[in-house]
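Add 120 to a position in the sequence shown, counting from 1, and you land on the number used in the working numbering.
Scroll down for the structure; my scribbles are underneath it.
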Amino acid sequence: MTTRQTKFDKLRANPKVSILVIGGGINGIGTFRDLALQGVDVLLIEKGDYCSGSSAASTRQAHGGLRYLEHGEFRLVRESLLERNRLLTNAPHAVELLKTTIPIYKRFSGILNAPLKFIGLLQKPSERGYLVVKLGMMMYDWFTRNNRVTPTHKMLGREQALAEHAQLNPDIIGAATYYDCLMPQAERIAVELVLDAEAAFDEARALNYCSVISATGDSVQIKDELSGEVFSVQPKLVINAGGAWIDFVNRSMQHPTRFIGGTKGSHIVVDNPELLKTLNGSALYFENKDGRLGIIEPFRDKVIIGATDIRADDPDSVVCTDEEIDYFMQFWAQVLPGITVERSQIVFTFCGVRPLPASDVEFVGLVSRDHSLRVVEPDANVRFPIYSLIGGKWTTFRAFAEQVTDKALAFLGKSRRTATEDIAIGGGKDYPRTDSARDLWLKQVQSSNGITAERLQTLFERYGTRAQAIAQFIMAEPDVPLRHQPTYSQREIIFLTANESVIHLDDLILRRSLIGMLGLIDGDVLQQLAKIVGGVLGWSAAQTQAEIDRTTDILQTKHGVPAARLKVTT
Ligand SMILES: Cc1cc2nc3c(=O)[nH]c(=O)nc-3n(C[C@H](O)[C@H](O)[C@H](O)COP(=O)(O)OP(=O)(O)OC[C@H]3O[C@@H](n4cnc5c(N)ncnc54)[C@H](O)[C@@H]3O)c2cc1C
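And the structure:
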């Protein structure tokens, strides 16, 4: 792996790059990977950690977007479903089937939503009844009829629905079930894409913790957020994948645009075994009293609840507020009246801004979720074109990246070498797809390095086939489980830190692992992780303490982790 220092040295020696991608969210990373695979010299710059913006705030679903059917966004739904299927195939270690249940309360309600939206008279959709849901389900299935990797939908009668989810509101007249996918470790997919891209082509380089600060003539000025040093690069083309920051980035490059009209969305993660049990392995997707859609989904041994949809201008300052938590807390009366969730059961909150296109629509749920590319042509001040990537869901990143890459290749006068539809991601490479193939794979890896079956199984579930390299690394020297989180081990953390561009302690806790999101962090774990990560990155005692303080602050202010939980006890 090329070190950060080597990347800087190379850029200083030769600041010319064909393409500069600004923003290491999923859309910037997807485009970076595609360009790398085409043999284009490309630099990706991310001001924070990879996948730390909107891409870390999603509901984690690879989904078709059932509700976009009502908006007539058939192209988007079809593309999303195909991409969902591809993600499941290309990243089977990080994407799993998610059964979803929609409780239904009315028979005919909502049939006018789509026609009213079509003629521009829909202010706010009315409740979707049985007929509308059934129609949506049929279209969902129809779009993937030639590429089916998920089971088709089922309409359930009231008794059957209540048998599957005993606590569902008894006022229902029935329910529908269908399948989408969950990406529990979405941030890991993003980091693996960066690693894949850098491995694919030497001249594809990515740097986290570097910000674009200005542009003049044929140069873009970039600040290394660690050292404060400013350096210049000279791109032929800039791709602004700044998500909700796109207009800020364009402004810093002397182009005042108004492409984005973002909406903030929050989620909470709760530890409530009764709720998890009543979900019975299925997410619940439902309409709240105010017409907004809510989701309650199983997430390992916890439950994710979301999401709000509120206009927001400053993506740096958004957090999940008390009002949003109050809003989630009244979901239960509507959908699971027998369930009680206490605020003390919230182990983590997260929030981000959807990079939606600027729009004056009053009900933000009606703003298009489709993606588009806007081009700012070169002028006297800035002599390269800028492509801004507007919208772009997690699910559709590959397709969007392909469209952007094709346009960029045409600009450079190059042609596509490789399609990305079937390229496996990270630990999805050579993934054993049947039970017997998996057993054989596990046995072979185990016999090659002597790791225990149980430990290898855990690593395989976390990292897919990359578990082989990690197991080999772990077994090369004595290892110990983390004192307070024994499913993770010291050498596993060392491997992630050394090989996955970890810069700060929170990168590891929030984005290379699920330690933060699953509420597995406390003061003792934090201390131990800081020592291990600091050992790899050469931190002094003062730096280690500064990293603990930084992570503590982020966990408290951005993720609602109570101060008491972060106290050291041993
Ligand atoms: C609440 C919520 C729920 C969602 N649920 C889903 C879902 O279930 N499924 C789905 O498919 N999609 C979902 N989405 C949508 C999806 O998450 C986003 O559309 C997608 O992640 C956007 O990715 P992006 O790369 O365009 O933006 P981002 O991930 O925000 O990336 C932009 C990056 O640019 C960086 N940046 C900004 N300024 C600079 C600068 N000056 N220099 C360098 N870097 C800079 C930022 O730090 C940021 O990391 C959801 C979104 C939200 C908010």
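Idealized CB from N, CA, C, for every residue including glycine.
When secondary structure is reduced to three states using DSSP, residue 517 falls in the helix class. Excluding its 5 nearest sequence neighbours in each direction, residue 536 has C-beta neighbours in its own chain below 8 Å: 158, 525, 526, 529, listed in chain order. A Cβ-Cβ contact shorter than 8 Å links residue 493 with residue 509.
Here the alpha carbon of residue 140 sits roughly 36 Å from the alpha carbon of residue 263.
Distances taken from the Cβ of residue 147 to the heavy atoms of ligand 1 include one shorter than 7 Å. Take residue 688, set aside five residues on each side of it, and the residues of its chain with a beta-carbon closer than 7 Å to its own are 643, 644, 647, in chain order. Residue environment: residue 682 is assigned as exposed (fewer than 16 neighbouring CB atoms within 10 Å of its CB, all protein chains considered). For residue 610, the number of other beta carbons within 10 angstroms of its own is at least 16, and it is reported as buried. Secondary structure note for residue 314: it is in no beta strand (DSSP E), and the uninterrupted alpha helix (DSSP H) holding it is 306-320.
Note on geometry: alpha-carbon atoms of residue 438 and residue 564 lie some 47 Å from one another. With a threshold of 7 Å, the Cβ atom of residue 325 does not count as near ligand 1, since no heavy atom of the ligand is closer than that. Not one heavy atom of ligand 1 is found less than 7 Å from the C-beta of residue 477. Uninterrupted beta strand (DSSP E) stretches at least 3 residues long and entirely within the region 497-542 occur at 506-510, given in chain order. Residue 475 carries a coil assignment under DSSP once its states are collapsed to helix, strand and coil. Around the CB of residue 204, 16 or more other CB atoms lie within 10 Å, so the residue is classed as buried.
Taken in chain order, the whole alpha helix (DSSP H) runs of length 4 or more contained in the region 583-621 are 587-595, 610-619. If you look at residue 399, you'll find it in the alpha helix (DSSP H) that goes 393-399. Contact between the region 299-306 and the region 470-482 is absent: fewer than three C-beta pairs spanning the two stretches fall below 8 Å.
Distance check between residue 267 and each of 479, 407, 410, 202 places 202 closest, using alpha-carbon atoms only. Between residue 374 and residue 502, the C-beta spacing is below 8 Å.
Within the DSSP bridge table, the entry for residue 468 names 389 as partners. Put simply, of 253, 311, 598, 172 the residue whose alpha carbon is nearest the alpha carbon of residue 547 is 311.
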